[in-house]
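Student: The listed protein sequences derive, respectively, from chains A and B.
Position 144, counted from 1, in the first sequence is what my numbering calls 1060; the numbers after and before it change by one each time, with no gaps.
Position 74, counted from 1, in the second sequence is what my numbering calls 990; the numbers after and before it change by one each time, with no gaps.
Backbone N, C-alpha and C define an ideal beta-carbon position, used for all residues, glycine too.
Before I ask anything, here is the structure I am working with.
Protein chains: 2
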Amino acid sequence: MSVDNDLRAEDDLLLERQLCFALSVASRSVVAAYRPVLEPMGLTHPQYLVMLALWERSPRTVRDVSDALLLEPATVTPLLKRLEEAGLVTRSRQAGNERALDVALTDKGRKLREKALGVPPTMMARLGITREDASELHQSMMKLISAAQASRT
Amino acid sequence: MSVDNDLRAEDDLLLERQLCFALSVASRSVVAAYRPVLEPMGLTHPQYLVMLALWERSPRTVRDVSDALLLEPATVTPLLKRLEEAGLVTRSRQAGNERALDVALTDKGRKLREKALGVPPTMMARLGITREDASELHQSMMKLISAAQASRT
DNA sequence: CCCTGATTATTAGTGCACTAACTAATGGAG
DNA sequence: CTCCATTAGTTAGTGCACTAATAATCAGGG
């Protein structure tokens, strides 16, 4: 038994040892690091994620977007309203299924994608991270996500 | 040039490849996984983190707590007010420096620590994660945090 | 055809987290 | 001792994110 491995249950409550704490802080910090990069585009970080989803496919329903982002529809609705106010998307009831709301990019929204192409390299530079680092971390996060989702008994 | 390594700039905007997205989702998911464990203790996740800070040292000032949690004092103030309402902490001006507010555990707050001792093992079980996994991920998060903080030019 | 149950989106209400602006107290520099 | 920059905390206002409740629409079975 080395001193280094002497981990006692008492110490499990030390703040500095909490994974959940490190994870929360990392998330907040990284999102905060995006702010100055996204602000010139008129987007917040969650709004940026919505735009990513729409740049992949448009139109798509609120439900579809919320599934893609793993967010509740109730969270997505106000996000989309703000993007509509900003003239980046339109919201209209789907013909044939009046329950569903189609969200579609406007020309302005489509055009914003060109500026967005610069975001990932800028952020990787700002965070001093390589594609490989990012990819590895990404994998770890995905494992954690599926474990956490699975625990939702 | 293998096919696997054929990463083009165009693909950098794919939602599924965003580290920031995976990080946000992981943070939300893990915090959500804590909810059913913390709820019987009457704590939310951020409130739990505040209690961890106070179990390490009490009393400490609002400033001190907010530094420990890397949160703005404006975020911590309402958290502390709720913990005070719950009878877990007291808030009183520091003798000798009327600007500073001392936050101290009550007996009830101190006693809650016993229940909290069960939280880390429960969560590791729920997330199916070993101490080693957690420690490794923790390190990665810390690197990311310092990189993100450093980018705050 | 109508009733029932499921699906889709929104609203209301709670709690974080941030920035900016404010109040109050402190501690020097002149 | 007075003025003033600094420090500590709170308040106001914006935006997420969740749950629960509501409204509207749809699809199937009697």
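Taking the alpha carbon of Arg1042/A as the point to measure from, which residue in Ser1062/B, Ala1050/B and His1054/B has its own alpha carbon closest?
Tutor: Among Ser1062/B, Ala1050/B and His1054/B, the Cα nearest to that of Arg1042/A belongs to Ser1062/B.
Student: At which residues does the beta strand (DSSP E) containing Glu1014/A begin and terminate?
Tutor: First-last of the beta strand (DSSP E) with Glu1014/A: Asn1013 to Leu1021.
Student: How long is the line joining the alpha carbons of Ala1064/B and Met957/A, rounded to whole angstroms?
Tutor: Their backbone Cα atoms lie some 20 Å apart in a straight line.
Student: Using a beta-carbon distance below 8 Å, is Glu1048/B in contact with chain A?
Tutor: Chain A contact via Cβ: absent.
Student: How would you label Ala1050/B, buried or exposed, when you count the other beta carbons within 10 angstroms and need 16 or more for buried?
Tutor: By the neighbour-count rule (16 or more Cβ atoms within 10 Å), Ala1050/B is buried.
Student: Which of the three DSSP states, helix, strand or coil, is assigned to Arg979/B?
Tutor: The answer is helix: DSSP assigns Arg979/B an H, G or I state.
Student: Taking one C-beta from the segment 931 to 940 of chain A and one from the segment 1044 to 1058 of chain B each time, how about it: are there three or more such pairs within less than 8 Å?
Tutor: In short, these stretches touch, since the Cβ pair count reaches three.
Student: Would you give the residue range spanned by the alpha helix (DSSP H) that Gln1065/A belongs to?
Tutor: Arg1047 to Ala1066 is the extent of the alpha helix (DSSP H) around Gln1065/A.
Student: Roughly how many whole angstroms lie between the Cα atoms of Glu1030/A and Glu1048/A?
Tutor: About 24 Å.
Student: Counting only Cβ-Cβ distances shorter than 7 Å, please list the residues of the segment 1034 to 1047 of chain A near chain B, keeping chain order.
Tutor: Answer set for the segment 1034 to 1047 of chain A: Pro1036, Arg1042, Leu1043, Gly1044, Ile1045 and Arg1047.
Student: Tell me which residues share the same chain as Val947/B and place their Cβ nearer than 7 Å to its Cβ, disregarding the 5 neighbours each side in the sequence.
Tutor: Closer than 7 Å at Cβ, skipping near neighbours: His961.
Student: Verify the contact flag: Pro994/B, CB atom, against every heavy atom of the ligand ATP, threshold strictly below 7 Å.
Tutor: Only the bare structure without any ligand can be found here, which leaves the ligand ATP out of the picture.
Student: For Asp928/A, which residues in chain B fall below 7 Å Cβ to Cβ?
Tutor: Per Cβ cutoff of 7 Å: Pro1036.
Student: With 9 Å as the limit, tell me which residues of the segment 969 to 981 of chain A have their beta carbon closer than that to any beta carbon of chain B; keep them in chain order.
Tutor: Flagged, chain order: Ala969, Trp971 and Glu972.
Student: By a C-beta neighbour count over all protein chains shown, 10 Å radius and 16 as the cutoff for buried, is Leu999/A buried or exposed?
Tutor: Answer is buried; the Cβ neighbour count reaches 16.
Student: Please tell me whether Met957/B has its Cβ less than 8 Å away from any Cβ of chain A.
Tutor: Cβ-Cβ to chain A under 8 Å: no for Met957/B.
Student: Does the beta-carbon of Leu965/B have 16 or more other beta-carbons within 10 angstroms, so that it is buried, or is it exposed?
Tutor: So Leu965/B counts as buried.
Student: Ser945/A by DSSP, collapsed to three states: which one?
Tutor: The answer is helix: DSSP assigns Ser945/A an H, G or I state.
Student: So what does DSSP say about Gln963/A, is it helix, strand or coil?
Tutor: Helix, per DSSP.
Student: For the beta strand (DSSP E) that Arg973/A lies in, which residues bound it at each end?
Tutor: Looking at the DSSP string, Arg973/A is not in any beta strand (DSSP E), and its letter there is neither H nor E.
Student: Just grab the DSSP bridge partners of Thr1006/A for me.
Tutor: According to DSSP, Thr1006/A bridges with Ala1020/A.
Student: Does the segment 1013 to 1030 of chain A come close enough to the segment 963 to 979 of chain A that 3 or more CB-CB pairs lie under 8 Å?
Tutor: Result yes; three or more Cβ-Cβ pairs closer than 8 Å.
Student: Please compile the residues from chain B whose C-beta is within a distance smaller than 9 Å of the C-beta of Ala990/A.
Tutor: None at all; the shortest Cβ gap to chain B is about 14 Å.
Student: What's the C-alpha gap between Leu959/B and Thr991/A?
Tutor: Distance between the alpha carbons of Leu959/B and Thr991/A is about 23 Å.
Student: Report the rounded CA-to-CA distance for Pro952/B versus Arg1068/A, giving the unit in angstroms.
Tutor: Approximately 9 Å between the Cα atoms of the pair.
Student: Between the beta-carbon of Leu931/B and the beta-carbon of Ala942/A, is there less than 8 Å?
Tutor: No.
Student: Out of curiosity, what's the CA-to-CA distance linking Val981/A and Leu987/A?
Tutor: Whole-angstrom Cα-Cα distance: 8 Å.
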